[in-house]
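Following: one structure in structure tokens, then a few remarks.
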Amino acid sequence: MNKSWQEHLGPVIPYDFVSPSSIRPSTRSNSTMAECDAFFDRNKPGLDFEQKSRRIKEFCEFHQTSENTKIVLITSGGTTVPLEHNTVRFVDNFSIGMRGAASAEYFLKAGYVAIFLHRSKSLEPFSRKIHDNVLDLFSYQNGQVTIADKARPQLQEIMADYEQVRAENRLLKIKFTTLADYLFLLRASAQHLRAFSSRAMFYLAAAVSDFYVPPDEMAQHKINSDAQLTMTFHLVPKVLKPLVCLWVPDAFVVSFKLETDENILLDKAQRALENYKHSWVIANELHSRKERVTFVSKTEKIDVRMTREEIEAGSEIEKKIVAQLSVLHQAFLNARETIDRVKSYEDFTETSLTVHTYLVRFVLFSLTFHLWRTS
Numbered sequence: 001m002n003k004s005w006q007e008h009l010g011p012v013i014p015y016d017f018v019s020p021s022s023i024r025p026s027t028r029s030n031s032t033m034a035e036c037d038a039f040f041d042r043n044k045p046g047l048d049f050e051q052k053s054r055r056i057k058e059f060c061e062f063h064q065t066s067e068n069t070k071i072v073l074i075t076s077g078g079t080t081v082p083l084e085h086n087t088v089r090f091v092d093n094f095s096i097g098m099r100g101a102a103s104a105e106y107f108l109k110a111g112y113v114a115i116f117l118h119r120s121k122s123l124e125p126f127s128r129k130i131h132d133n134v135l136d137l138f139s140y141q142n143g144q145v146t147i148a149d150k151a152r153p154q155l156q157e158i159m160a161d162y163e164q165v166r167a168e169n170r171l172l173k174i175k176f177t178t179l180a181d182y183l184f185l186l187r188a189s190a191q192h193l194r195a196f197s198s199r200a201m202f203y204l205a206a207a208v209s210d211f212y213v214p215p216d217e218m219a220q221h222k223i224n225s226d227a228q229l230t231m232t233f234h235l236v237p238k239v240l241k242p243l244v245c246l247w248v249p250d251a252f253v254v255s256f257k258l259e260t261d262e263n264i265l266l267d268k269a270q271r272a273l274e275n276y277k278h279s280w281v282i283a284n285e286l287h288s289r290k291e292r293v294t295f296v297s298k299t300e301k302i303d304v305r306m307t308r309e310e311i312e313a314g315s316e317i318e319k320k321i322v323a324q325l326s327v328l329h330q331a332f333l334n335a336r337e338t339i340d341r342v343k344s345y346e347d348f349t350e351t352s353l354t355v356h357t358y359l360v361r362f363v364l365f366s367l368t369f370h371l372w373r374t375s
């Protein structure tokens, strides 16, 4: 690199903003990639996978026309692990999808386009605020059903926000149920979002199963309940590695780390960053997750907390989380643009040097030839 590049382009970019695409996977990570490939080979996507993948593709293509569009994939809710092919029993992960649904609303308010990849029947943006009391929103008098007066202000606010998003086609909702559904749809989403490069954010808030039963080891019909049951669960491969290194190497990727023991929380978040090389981990403890979280990167930690007054006023921590991420994503974008300018400058100077070298050689050759002719 020429010494003068800083004069043109400013300070050096910190490591945190370097794209994972410039990081070569280690031997250990290659085994993770192989495990992920084996999972996708061993399992099948849902029956409606192709239709959902096509909807994601069309949504992404619709918004690719604007170079300034920032898009976020939000994953939300828990995944199930079936114990039988004709599923009666399954293992489920604890999550109603509150964080993902709330965050989706705040991302939309911040100007993002959003793909909401969520568990079927979990909470969804906008409707989450009324899902518990739907019948209380209405009044029934003299055979007529009307909206209750006390519900009008809340409904008007929700509908105003929702109608604006719908008119601009800025929200796509895609459902999943099983672990396999989720992972196939995540991979498809990444493939379609790759074209957005660093303008794409992945906000991975889903509660993904850590263990599963492979299809070839699963009972075909309902497991007999006349005897004790012993099953072997396999580890779910860590798809965050191929997501960051292969599928969307230039995207801004944020994962969550939830623990019940606060003493190990930050260490586990730091370890996740070291293993997967993504942008940030949001660390939260199960019982305090609505009051405080910690953003963890390779070089810094940012605490996000709710005050007592904010909690009593009904404010949500997801509003602060999204506001902080919007700032960090913009900084990431600015850094990537600077890196691209540096690369363009280097390419230009390298080309100029090559041309200059050939010109010097040509002049020397011409001079030598002239001296030979005149001697």
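Under the UniProt record's numbering, the residue at position 205 of the sequence shown is numbered 205, and the numbers go up by one with no gaps. Idealized CB from N, CA, C, for every residue including glycine.
For residue i, which three-state DSSP category applies?
i, result
"A219", "strand"
"E259", "strand"
"Q144", "strand"
"G78", "strand"
"K90", "Looking at the sequence provided, one finds Phe at residue 90 rather than Lys. Note: F90 maps to strand in three-state DSSP."
"M201", "strand"
"V239", "coil"
"N284", "strand"
"V327", "helix"
"R152", "helix"
"V134", "coil"
"T232", "coil"
"D210", "coil"
"S225", "coil"
"K70", "coil"
"L83", "coil"
"S31", "helix"
"K175", "strand"
"K268", "helix"
"K301", "strand"
"R289", "coil"
"T368", "helix"
"K3", "Low confidence applies here, because K3 scores a pLDDT of 39, under 50, leaving its location unreliable and the question unanswered by this model."
"T294", "strand"
"V248", "coil"
"S189", "helix"
Please work out which residues of its chain come closer than 6 Å, Cβ to Cβ, to residue i, disregarding the five sequence neighbours upstream and downstream, and give them in chain order.
i, result
"G100", "I74, S76 and A205"
"M33", "P242"
"F256", "A205 and I282"
"A102", "E316 and E318"
"H278", "V244 and V253"
"residue 387", "Lying outside 1 to 375, the shown extent of the chain, residue 387 is not represented and no answer is given."
"D210", "V236"
"A104", "I74, A114, F116 and P125"
"R361", "none"
Do you know offhand how far residue i's Cα is from residue j's?
i, j, result
"L286", "T260", "5 Å"
"P82", "F39", "15 Å"
"residue 395", "T79", "A question about residue 395 goes unanswered here, because the residues of the chain that appear run from 1 up to 375."
"T146", "K129", "19 Å"
"E124", "S326", "21 Å"
"A207", "Q144", "43 Å"
"A190", "N169", "20 Å"
"L185", "S53", "7 Å"
"D181", "V342", "41 Å"
"V88", "T65", "45 Å"
"F152", "E163", "Before going further, note that residue 152 is Arg rather than Phe in the sequence given. Approximately 16 Å between the Cα atoms of the pair."
"P45", "I264", "35 Å"
"R24", "G314", "Note that R24 scores 43 on pLDDT, short of 50, meaning its location in the model is unreliable and no value can be drawn from it."
"L137", "L229", "46 Å"
"N43", "E50", "15 Å"
"L179", "N142", "49 Å"
"S139", "K150", "10 Å"
"S366", "L359", "10 Å"
"K121", "N86", "20 Å"
"D92", "K175", "16 Å"
"I223", "L47", "23 Å"
"residue 377", "K238", "Lying outside 1 to 375, the shown extent of the chain, residue 377 is not represented and no answer is given."
"M201", "E61", "16 Å"
"L339", "E84", "In the sequence as presented, Leu is not what sits at residue 339; that position holds Ile. Near 50 Å, if we compare the C-alpha coordinates of E84 and I339."
Using C-beta distances below 7 Å, list every residue in its chain close to residue i, excluding the 5 sequence neighbours before and after it, in chain order.
i, result
"A272", "S255, K257 and V281"
"Q156", "none"
"K57", "H192"
"A188", "S53 and I56"
"Q270", "V296"
Would you mind giving the Cβ-Cβ distance between residue i and residue j, rounded to the nearest angstrom? I have them listed as a contact below 8 Å.
i, j, result
"F59", "L183", "Actually they do not touch by this definition, with Cβ atoms about 20 Å apart."
"P214", "H234", "6 Å"
"V72", "F107", "5 Å"
"H63", "V113", "5 Å"
"R199", "L333", "7 Å"
Less than 6 Å between the CB of residue i and some heavy atom of the ligand FAD, yes or no?
i, result
"A190", "Among the ligands in the structure shown, none appear at all, so the ligand FAD cannot be discussed."
Could you name the residues of the same chain whose beta carbon sits closer than 8 Å to that of residue i, not counting the 5 residues immediately before and after it, in chain order?
i, result
"E291", "R305, M306, I311 and I317"
"K301", "L266, T294 and F295"
Give, in chain order, every unbroken run of the alpha helix (DSSP H) that is at least 4 residues long and sits entirely within the segment 97 to 131.
For the segment 97 to 131, whole alpha helix (DSSP H) runs of length 4 or above, ordered along the chain, are 98 to 109.
Point to revise | Length-filtered (4 minimum) alpha helix (DSSP H) runs lying within the segment 36 to 68 | key: Taking only runs of at least 4 residues, the alpha helix (DSSP H) segments lying wholly in the segment 36 to 68 are 49 to 63.
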